[in-house]
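Each remark here refers to the structure printed beneath this line.
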Amino acid sequence: MTGERAIKSVAIIGSQGQMGRLFMNLCIEHGLSVRGLDKPMDNMALAMAIQSSELVLLAVPIHALADVLLQVKPHLSHHNILADLCSVKVGPVEHMLAAWDGPVVGTHPLFGPRPLEGERVVAITPGRDDAALDAVEDWLKRIEFSTFRTTAHEHDRAMAFIQGLNFVTNTAYLSATAGQPDIERFVTPSFRRRLESARKMLTEDAGLFEALFEANPYAQEAVRLFRSHLNVAAGGDVSLLAERAQWWWRDNKQRGGA
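Each residue of the sequence shown is one higher than the one before, counting from 1 in UniProt numbering.
Written out as structure tokens, the structure reads:
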């Protein structure tokens, strides 16, 4: 790498979670020293793991981040970089910066715990140390991820649409259709595809998406914008919305598509 720091040892807090296990396995596969900890955390083991690691990675749910930081903070020292994997960035990065005055980097893997080829993209956001940002980006690339840099606010504004609004609109739409008399007899293939795409989100991961929606400072803004588009549809001007929606395919080449 071009910077002065190269991460060779990692402590993963939350190593028994799905994302924690993914990063543990990738570090092992690529020859890095890695220590994993999960609840209940032994204070001595936590201290030893952090002291022997250059990167301390918080692979914990966003609702647990503040409590985990209280446990981790006393053991951090100047050689540590503190990073997280939360799907929201403004709050977690602010929490890490407030908890500790050393290097902080926010990351968000834009995929699930079993990423397919081409899905291994991680957004990274700066804390207060450019060298730490370089080091974390280099580490992610060494374990075969693609990265791009963004700010915490730019990230959360985008995820309010990509993640939050996707969850809310599926929830509202399927809630509105639920219980309609004999509706199952009229299900079409396109509606069935929508049901299947939303199944896991609503039957297994609803609590996760609710927490992320509530934690995203731009979530309500995205909902209000969507409501304004529904008002256009309610006024009968659906063709205007259909034309605008085609932006995703019309400009596909500029966004790296075929």
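Cβ atoms here follow ideal geometry from the backbone N, Cα and C, with glycine treated the same way.
How many Å lie between residue i and residue j at the Cα?
i: ILE7; j: GLU137; result: 10 Å
i: SER15; j: ASN43; result: 16 Å
i: VAL104; j: ALA234; result: 46 Å
i: SER190; j: HIS229; result: 22 Å
i: THR17; j: GLU144; result: One detail in the question is off: residue 17 reads as Gly in this sequence, not Thr. Looking at the two C-alpha atoms, the distance is approximately 20 Å.
i: ILE183; j: SER175; result: 13 Å
i: LEU133; j: ALA45; result: 27 Å
i: LEU116; j: LEU22; result: 13 Å
i: MET201; j: ALA49; result: 34 Å
i: SER9; j: GLN180; result: 56 Å
i: THR125; j: GLU196; result: 33 Å
i: GLN71; j: THR177; result: 46 Å
i: PHE148; j: PHE111; result: 14 Å
i: SER199; j: ALA47; result: Checking the displayed sequence, the identity of residue 199 turns out to be Arg instead of Ser. When rounded, the distance between both Cα atoms is 41 Å.
i: GLN246; j: ARG193; result: 20 Å
i: GLY127; j: ARG224; result: 30 Å
i: ALA172; j: LEU165; result: 10 Å
i: GLN163; j: ARG185; result: 31 Å
Would you list the one or two residues that DSSP bridges to residue i?
i: GLY106; result: ASP84, THR125
i: ILE12; result: GLY36, LEU57
i: SER146; result: VAL121
Considering only residues of the same chain and omitting the five flanking positions on each side of residue i, which have a CB-CB separation below 7 Å?
i: PRO92; result: ILE62, LEU65, ASP84, CYS86, GLY106
i: VAL90; result: ALA152, HIS153, ASP156, PRO217
i: ALA99; result: LEU69, LYS73
i: residue 263; result: For residue 263 there is no data in the structure shown, the boundaries of the chain being 1 and 258.
i: ASN170; result: ALA198, MET201, LEU202
Are the C-beta of residue i and some C-beta of chain B separated by less than 9 Å?
i: PHE167; result: Judged by its chain identifiers, the structure shown contains no chain B, having just a single protein chain.
Once you ignore the five residues that flank residue i on each side, which residues in its own chain have a CB closer than 6 Å to its CB?
i: GLY36; result: ILE12, SER15, MET24
i: LEU212; result: SER87, VAL88
i: VAL121; result: LEU110, SER146
i: PRO113; result: GLN18, MET19, LEU22
i: GLU119; result: PHE111
i: VAL56; result: ALA11, ILE50, ASN80, LEU82
i: residue 290; result: The question about residue 290 has no answer here: the residues shown for the chain are numbered 1 through 258.
Compute the beta-carbon to beta-carbon distance between residue i and residue j, rounded to the nearest angstrom, for a pair I have assumed lies under 8 Å.
i: THR150; j: ALA123; result: 5 Å
i: GLU54; j: ILE81; result: 6 Å
i: GLN51; j: HIS78; result: Actually they are not in contact, since the Cβ atoms of GLN51 and HIS78 sit about 12 Å apart, beyond 8 Å.
i: ARG5; j: ALA135; result: 4 Å
i: PHE226; j: PHE167; result: Actually they do not touch by this definition, with Cβ atoms about 12 Å apart.
Who are the near neighbours of residue i in its chain, counting only those whose CB is closer than 8 Å to its CB and skipping five residues on each side?
i: LYS141; result: THR147
i: MET41; result: ILE13, GLN71
**Request:** With a floor of 4 residues, list each alpha helix (DSSP H) that falls wholly inside the segment 135 to 189, ordered by position along the chain.
**Result:** 152 to 159, 166 to 177
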